[in-house]
Amino acid sequence: ELTQEQLSLLNYILDAYNKYRIPLDMTKSLLQEQFSADENFILLTEMATSHVQVLVEFTKRLPGFQSLDHEDQIALLKGSAVEAMFLRSAQIFTRKLPHGHNEVLEDRIRKSGISDEYITPMFNFYKSIGELQMTQEEHALLTAITILSPDRPFVKDVLSVERLQEPMLEVLHTFCKLHHPHDPQHFARLLGRLTELRTLNHHHAEMLMSWRMN
Amino acid sequence: PASNLGLEDIIRKALMGNFDD
Chain A
2 ELTQEQLSLL NYILDAYNKY RIPLDMTKSL LQEQFSADEN FILLTEMATS HVQVLVEFTK
62 RLPGFQSLDH EDQIALLKGS AVEAMFLRSA QIFTRKLPHG HNEVLEDRIR KSGISDEYIT
122 PMFNFYKSIG ELQMTQEEHA LLTAITILSP DRPFVKDVLS VERLQEPMLE VLHTFCKLHH
182 PHDPQHFARL LGRLTELRTL NHHHAEMLMS WRMN
Chain B
231 PASNLGLEDI IRKALMGNFD D
């Protein structure tokens with residue numbers, strides 16, 4: 002079972018995760034079906050910026066984060082932003098959206114100018130997240146764990162980051178055992194997605210380059 | 231415009247300010 006302390010940590014992270022989302026008016030404009038290539042580019046860029054902003058607000062609420070060295074805070078966010086964004090996007094694509102919304106969203110991404118060799122692994126990742134049928138708690142915790150990865154480039158005080166990440170891994174581990182008693186591998190599967198995210202992150206820089214070229 | 235800001239700039243600005251304001 003989760004201890005009282007672990008339960009509070011989980012609820013606290015879940016609240017922050019639910020609170021900080023991309024503003025609704027922005028997601029609404031994403032669903033308008035008519036758009037030019039330029040409009041699409043601008044909107045996707047604005048979305049990405051907004052996404053980083055809400056991610057930072059979520060991160061600020063992670064217990065202990067603000068006590069870390071300021072440059073380490075930036076190194077953690079810089080190293081993880083792309084992965085956390087892929088995770089949140091995967092959650093959006095996994096949800097049962099109103100009829101047709103998925104198609105409009107996918108259409109926008111496919112017409113963004115990013116080449117297929119980068120788009121395909123991204124949608125494969127979304128699919129692999131969908132197969133796990135993750136709960137909101139798991140999404141919130143996995144995002145926090147991704148952000149608090151001590152092995153990001155330029156992190157100086159690795160030990161302090163480890164101390165923040167570890168209790169979250171323990172909560173996620175126990176949570177998985179409680180909520181997936183028939184799938185003892187669930188926790189391992191979640192951690193496996195983190196490896197996939199690293200690969201996507203690695204290709205992201207190349208993806209941006211190809212986008213700019215187009 | 232936001233599109234001219236790099237990831238690190240956005241992170242630094244967001245860390246300094248408060249999104250709620």
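Heads up: the sequence lines are chains A and B, in that order.
Here our numbering is used: the first residue of the first sequence is 2, the next is one more, and so on.
Here our numbering is used: the first residue of the second sequence is 231, the next is one more, and so on.
For each residue, glycine too, the CB sits at the ideal point set by N, CA and C.
If you're wondering where the values come from, they're calculated on a predicted model, not measured in any experiment.
Looking only at its chain, what residues have a beta carbon closer than 8 Å to the beta carbon of residue 179/A, apart from the 5 residues adjacent to it on each side? Taken in chain order, the residues that qualify are 2, 3.
Buried versus exposed, by CB contacts within 10 Å (16 or more), residue 66/A: Buried, because 16 or more other Cβ atoms sit within 10 Å of the Cβ of residue 66/A.
Whole angstroms is fine: what's the gap from residue 131/A's alpha carbon to residue 38/A's? Roughly 29 Å separates the two Cα atoms.
For residue 116/A, tell me which candidate among 10/A, 7/A, 5/A, 211/A has the shortest Cα-Cα distance. Looking at the Cα atoms, 211/A is the closest of the given residues.
Using the rule of at least 16 other Cβ atoms within 10 Å of the residue's Cβ for burial, across every protein chain shown, is residue 206/A buried or exposed? Classification of residue 206/A: exposed, given that the 10 Å Cβ count is below 16.
Buried versus exposed call for residue 140/A [16 or more other C-beta atoms within 10 Å across all chains shown]: For residue 140/A, the number of other beta carbons within 10 angstroms of its own is at least 16, and it is reported as buried.
How long is the line joining the alpha carbons of residue 44/A and residue 5/A, rounded to whole angstroms? Residue 44/A and residue 5/A have their alpha carbons spaced roughly 43 Å apart.
Determine the DSSP secondary structure at residue 24/A, reduced to helix, strand or coil. Secondary structure at residue 24/A: coil, using DSSP grouped into helix, strand and coil.
Are the beta-carbon atoms of residue 82/A and residue 63/A separated by less than 8 Å? Cβ atoms of residue 82/A and residue 63/A: not closer than 8 Å.
In angstroms with no decimal places, state the Cα-to-Cα distance between residue 213/A and residue 8/A. Residue 8/A has its alpha-carbon roughly 45 Å from the corresponding atom of residue 213/A.
Same chain, Cβ closer than 7 Å to residue 110/A, neighbours up to 5 away in sequence not counted: Its chain contains 120 as the residues whose beta carbon lies nearer than 7 Å to that of residue 110/A, once the 5 sequence neighbours on both sides are disregarded; these appear in chain order.
To the nearest angstrom, how far is the alpha carbon of residue 231/B from that of residue 239/B? In this prediction, residue 231/B scores a pLDDT of 38, lower than 50, which makes its location untrustworthy; the coordinate-derived value is nonetheless stated afterwards. Each residue's CA atom was taken as its position, placing residue 231/B and residue 239/B some 12 Å apart.
What does the alpha-carbon distance come out to for the pair residue 150/A and residue 20/A? If I take the Cα positions, the gap works out to 22 Å.
Of all the options 125/A, 101/A, 158/A, which has the alpha carbon lying nearest to the alpha carbon of residue 32/A? Taking only the C-alpha atoms, the option nearest residue 32/A is 101/A.
Where does residue 83/A fall in DSSP's three states? The answer is helix: DSSP assigns residue 83/A an H, G or I state.
What residues in the stretch 69-85 of chain A have a beta carbon less than 7 Å from any beta carbon of chain B? Along the stretch 69-85 of chain A, the positions whose C-beta sits under 7 Å from a C-beta of chain B are 74, 75, 78, 79, 82, read in chain order.
May I ask which residues mark the beginning and end of the alpha helix (DSSP H) holding residue 175/A? Counting along the chain, residue 175/A sits inside the alpha helix (DSSP H) bounded by residues 159-180.
Over the uninterrupted alpha helix (DSSP H) stretch that includes residue 61/A, give me the two end residues. First-last of the alpha helix (DSSP H) with residue 61/A: 38-61.
At what residues does the alpha helix (DSSP H) containing residue 242/B begin and finish? Secondary structure note for residue 242/B: its alpha helix (DSSP H) is the uninterrupted segment 237-246.
Compare the C-alpha of residue 195/A against each of 34/A, 148/A, 159/A and name the closest. When 34/A, 148/A, 159/A are compared, the shortest CA-CA separation from residue 195/A is found for 148/A.
Applying the 10 Å Cβ sphere with the 16-neighbour rule, what's the burial state of residue 238/A? There is no way to answer for residue 238/A, as the model of chain A reaches only from 2 to 215.
Within 8 Å, strictly: CB atoms of residue 123/A and residue 201/A: Yes, these two residues count as a Cβ contact at 8 Å.
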